[in-house]
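In the order they appear, the protein sequences are chains L and C.
Sequential numbering of the first sequence, starting at 11, is according to my numbering.
Sequential numbering of the second sequence, starting at 11, is according to my numbering.
By construction, the Cβ of each residue, glycine as well, lies at the ideal position given by its N, Cα and C atoms.
The structure displayed is predicted, hence computed values, not measured ones.
Protein chains: 2
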Amino acid sequence: MIEPTTPDSCQHCLMKCDAFQALSLTEMEILHQAKYDTTYRTGEVIAKQGAPISHLVSLNEGLAKVVLETPGEQDIIISVEKPVFILTGPGLFVDNRYHFSVIAISECRTCYLEIQQLHKLIDTNPDFARRFYKTMGERDILLFNRIRSLNQKNMAGRISEALLNLQKFIFETNPFDFILTRQELGEFTGMTKESVSRILKEFREEGLIEIDDRKVEILDFDKLRDISRKG
Amino acid sequence: MIEPTTPDSCQHCLMKCDAFQALSLTEMEILHQAKYDTTYRTGEVIAKQGAPISHLVSLNEGLAKVVLETPGEQDIIISVEKPVFILTGPGLFVDNRYHFSVIAISECRTCYLEIQQLHKLIDTNPDFARRFYKTMGERDILLFNRIRSLNQKNMAGRISEALLNLQKFIFETNPFDFILTRQELGEFTGMTKESVSRILKEFREEGLIEIDDRKVEILDFDKLRDISRKG
DNA sequence: AAATAATTATGATATATGTCAAGTATTAAA
DNA sequence: TTTAATACTTGACATATATCATAATTATTT
């Protein structure tokens with residue numbers, strides 16, 4: 011269960027997201043007053059593709075998936091995100107809509123900042139703006155790598171890469187609690203759930219990983235890295 | 011052959027790129043003074059992935075391809091661009107490097123703005139900044155669509171989509187001078203050049219397109235759109 | 001114009017991956 | 001605890017797409 015928000019949670023965010031470190035005390039104060047927050051359960055939609063962006067949402071606790079939806083097609087999971095993740099996207103200056111959905115894959119807590127306040131900060135605080143765009147730029151760079159990976163690696167390579175990245179940047183322990191379903195891992199790596207099953211089985215048989223219930227342990231990092239590269 | 015630059019070419023750009031419409035006369039004056047330009051021949055690299063971003067480059071004439079390079083792998087063409095195209099990318103606020111290459115696919119002319127000047131404009135002119143980010147956001151949205159297309163459409167669907175989009179947004183006439191090689195069309199649609207050949211042959215046989223030398227004519231837009239959708 | 005290089009076309013074959021189906025295990029609900 | 005629903009595994013098979021090889025065009029250089 012998630013604990014109630016502590017009053018200094020903005021301070022917490024301040025430490026974790028780059029952009030908000032650029033704020034003056036006065037700006038912080040305004041932000042802190044305007045702040046309110048929510049919790050989401052697994053599967054709940056935090057941001058919906060196509061919906062207007064009314065607030066800047068910050069994921070403060072829990073894990074979420076960023077999903078490209080296409081009617082009649084399988085979802086594409088662009089990324090899995092952990093706190094502090096700012097749910098901003100390319101629509102912010104274009105059509106003020108989300109161009110992807112963000113969905114909780116564990117219990118999550120978010121807080122909100124009115125979008126007008128965000129624009130004001132961007133317009134008046136160049137340092138904040140620069141850091142904010144830096145964050146967006148970093149995501150784009152990752153997106154390029156996703157495109158490369160999805161186009162040029164074979165299934166084993168993509169699964170290896172996904173396991174390594176999720177372990178390193180999201181779950182951060184080993185073994186870790188692998189909360190994605192095979193379906194989701196397939197949406198993340200661009201393949202069917204059946205193919206995911208088969209590749210994981212191979213990896214298990216070759217002693218690269220161990221899967222116990224929902225726990226995954228990476229046994230041979232080097233070999234996985236190798237497969238990921240050669241993929 | 012490309013004519014020498016006219017002195018009012020900044021004015022021309024002003025009309026065509028959104029962001030620069032936000033500049034005051036004084037700002038324009040500074041920009042105009044600092045400006046100098048170059049021509050490139052087909053195949054020449056206008057911006058190189060990994061190289062530092064010293065200037066904001068603007069493509070003022072000709073066509074260029076935006077390419078993701080990966081050592082040992084086939085290139086991925088992210089987009090084909092026509093004037094006025096601002097060669098900015100996600101590295102601008104991150105590591106000040108290009109994360110893709112931009113390569114001329116016809117004779118091109120570009121002009122340059124020192125990157126410090128750009129940062130100054132962004133910091134001091136909120137309207138300019140907003141329009142600039144709008145342009146970047148629009149590109150990201152297109153990138154999402156590329157990911158969708160590459161992952162979820164079959165070869166015929168991807169080729170249809172590519173032909174329709176290139177005709178509509180880049181070449182703008184019909185028939186049009188199809189300057190991409192089969193290899194490049196393959197890099198644009200995520201397949202081998204042989205597969206491109208075969209699909210184009212099918213389309214020709216079904217009377218959807220006509221190819222004469224380097225001229226391509228789209229004969230049946232509706233059918234192509236259909237294939238693109240169902241792909 | 002001849003020669004060389006690059007691009008395109010096409011067939012035969014290999015391979016990666018998806019699809020369908022059936023069964024098992026796991027989780028959630030009654 | 002039993003039942004129902006969901007997730008996972010595995011096999012047999014289908015299919016899309018890549019690879020390789022070779023010939024035919026077309027473009028470029030000499």
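Rounded straight-line distance, which links the Cα of R192(C) to that of S207(C): Taking the first residue of the second sequence as position 1, residue 207(C) is located at position 197. Taking the first residue of the second sequence as position 1, residue 192(C) is located at position 182. Using only the alpha carbons, I get a separation of about 7 angstroms.
7 angstroms Cβ cutoff, R192(C) in contact with chain L: On the second sequence, residue 192(C) is found 182 positions in, with the first residue counted as 1. For R192(C), the answer is no, since every Cβ of chain L falls outside 7 angstroms of its Cβ.
Within chain C, the residues that P136(L) reaches when beta carbons sit closer than 7 angstroms: The residue labelled residue 136(L) in the question sits at position 126 within the first sequence. Those are D133, listed as they occur along chain C.
Three-state secondary structure assigned by DSSP to S170(C): The residue you call residue 170(C) lines up with position 160 of the second sequence. Here S170(C) sits in helix by DSSP.
Close beta carbons around N164(C), own chain, < 8 angstroms, minus the five adjacent residues each side: The residue you call residue 164(C) lines up with position 154 of the second sequence. G241.
D189(C) vs I115(C) beta-carbon contact at 7 angstroms: For the purposes of this step, residue 189(C) is identified with residue 179 of the second sequence, where counting begins at 1. For the purposes of this step, residue 115(C) is identified with residue 105 of the second sequence, where counting begins at 1. It should be pointed out that residue 189(C) corresponds to Ile in this sequence rather than to Asp. Contact flag set, yes.
Within the segment 95-165 of chain L, ranges of the alpha helix (DSSP H) (whole runs, at least 4 residues): 125-134, 136-162
With 16 other Cβ atoms within 10 Å as the buried cut-off, status of H59(L): Numbered from its first residue, the first sequence carries residue 59(L) at position 49. Inspection of the sequence shows that residue 59(L) is occupied by Gln rather than by His. When all chains shown are included, Q59(L) counts as buried.
Listed by chain order, chain C residues near K144(L) by CB distance under 8 angstroms: On the first sequence, position 134 is the one that residue 144(L) refers to. Chain C residues near K144(L): F103, V104.
Proximal residues to V90(C) (C-beta, below 8 angstroms), its chain only, five neighbours per side dropped: Locating residue 90(C) in the second sequence gives position 80, counting from the first residue. Same-chain partners within the cutoff: L73, A74, K75, V76, I115, L176, I180, L190, F198.
Bridge partners - D223(C), DSSP secondary structure assignment: As a first step, residue 223(C) is located in the second sequence; it is residue number 213 there, counting from the start. Paired residues: none, contrary to the question.
Of the listed residues A172(L), N155(L), P93(L), K144(L), nearest to H129(C) (C-alpha basis): Reading the second sequence from its first residue, position 119 is the one you call residue 129(C). Measuring from the Cα of H129(C), the nearest candidate turns out to be K144(L).
Contact list for Q162(C) against chain L, beta-carbon separation under 8 angstroms: The count along the second sequence starts at 1 and reaches residue 162(C) at position 152. Neighbours of Q162(C) on chain L, chain order: T80, E83, Q84, I86.
Own chain residues within Cβ distance below 8 angstroms of H42(L), not counting five before or after: The residue you call residue 42(L) lines up with position 32 of the first sequence. C20, listed in sequence order.
Buried/exposed call for A166(C), threshold 16 Cβ in 10 Å: Looking up residue 166(C) in the second sequence gives position 156. By the 10 Å Cβ count, A166(C) comes out buried.
heavy atom of the ligand ZN below 6 angstroms from E148(L) C-beta: The ligand content of the structure shown is nil, which means the ligand ZN is not present either.
7 angstroms Cβ cutoff, R107(L) in contact with chain C: To locate residue 107(L), count along the first sequence from 1; it is residue 97. Taking Cβ atoms only, chain C never reaches closer than 7 angstroms to R107(L), which makes this a no.
Cβ pair S159(L), E171(L) closer than 7 angstroms: Numbered from 1 along the first sequence, position 149 holds the residue referred to as residue 159(L). Numbered from 1 along the first sequence, position 161 holds the residue referred to as residue 171(L). It is a contact, given that the beta carbons lie within the stated cut-off.
Within-7 angstroms CB hit, I113(L) to chain C: Your numbering for residue 113(L) matches position 103 in the first sequence. False, the Cβ-Cβ gap to chain C never drops below 7 angstroms.
Where the alpha helix (DSSP H) containing I209(C) begins and where it ends: As a first step, residue 209(C) must be located in the second sequence, where it is residue number 199. Here the alpha helix (DSSP H) through I209(C) covers 203-215.
Same chain only: Cβ atoms within 7 angstroms of F138(C), ignoring 5 sequence neighbours per side: In the second sequence, residue 138(C) corresponds to position 128, counting from 1. Here the set comprises A29, A32, L33, L131, I132.
Backbone secondary structure at I87(L) - three-state DSSP: Against the first sequence, residue 87(L) aligns to sequence position 77. Correct three-state label for I87(L): strand.
Residues of its chain near K225(C), where Cβ-Cβ distance is below 8 angstroms and the 5 sequence neighbours each way are ignored: To locate residue 225(C), count along the second sequence from 1; it is residue 215. Around K225(C): P185, F186, D187, F188.
Option nearest P62(L) by Cα separation, candidates N106(L), E83(L), E216(L), I56(L): Within the first sequence, residue 62(L) is the residue found at index 52, counting from 1. Ranking the options by Cα distance to P62(L), first place goes to N106(L).
Any chain L beta carbon closer than 7 angstroms to D150(C): Taking the first residue of the second sequence as position 1, residue 150(C) is located at position 140. Cβ-Cβ to chain L under 7 angstroms: yes for D150(C).
Where F30(C) sits in the DSSP three-state scheme: Position 20 of the second sequence, counted from the start, is the residue given in the question as residue 30(C). Helix.
Contacts of N217(C) in chain L (Cβ-Cβ under 8 angstroms): Counting from one through the second sequence, the residue named residue 217(C) turns up at place 207. First, the residue type needs correcting, since residue 217(C) is Gly and not Asn in the sequence shown. Near G217(C) there are no residues of chain L at all, since even the closest Cβ is about 28 angstroms away, more than 8 angstroms.
Of the listed residues I221(L), M201(L), L66(L), nearest to G99(L) (C-alpha basis): Indexing the first sequence from 1 puts residue 99(L) at position 89. That would be L66(L), whose Cα lies nearest to the Cα of G99(L).
Paired residues, beta bridge with D187(L) - DSSP: Here residue 187(L) is taken as the residue at index 177 of the first sequence, counted from 1. Paired residues: K225(L).
Interface flag, R239(C) vs chain L, CB-CB below 7 angstroms: Residue 239(C) sits at position 229 when you count from the first residue of the second sequence. No - not a single Cβ of chain L is within 7 angstroms of the one on R239(C).
Among S205(C), I228(C), D223(C), the one whose alpha carbon lies nearest that of E216(C): By 1-based counting over the second sequence, the position of residue 216(C) is 206. It is I228(C) whose Cα lies nearest to the Cα of E216(C).
Minimum Cβ-Cβ distance from L173(L) to chain C less than 7 angstroms: As a position in the first sequence, residue 173(L) is number 163, starting the count at 1. Taking Cβ atoms only, chain C never reaches closer than 7 angstroms to L173(L), which makes this a no.
Burial state of T120(C), where buried means 16 or more other Cβ atoms lie within 10 Å: The sequence position of residue 120(C) within the second sequence is 110, counting from 1. So T120(C) counts as buried.
Best match in V112(C), L102(C), F142(C) for proximity to Y125(C) [C-alpha to C-alpha]: The residue you call residue 125(C) lines up with position 115 of the second sequence. As written in the sequence, residue 125(C) is Ile, which differs from the Tyr given in the question. Checked all of V112(C), L102(C), F142(C); the closest Cα to I125(C) is L102(C).
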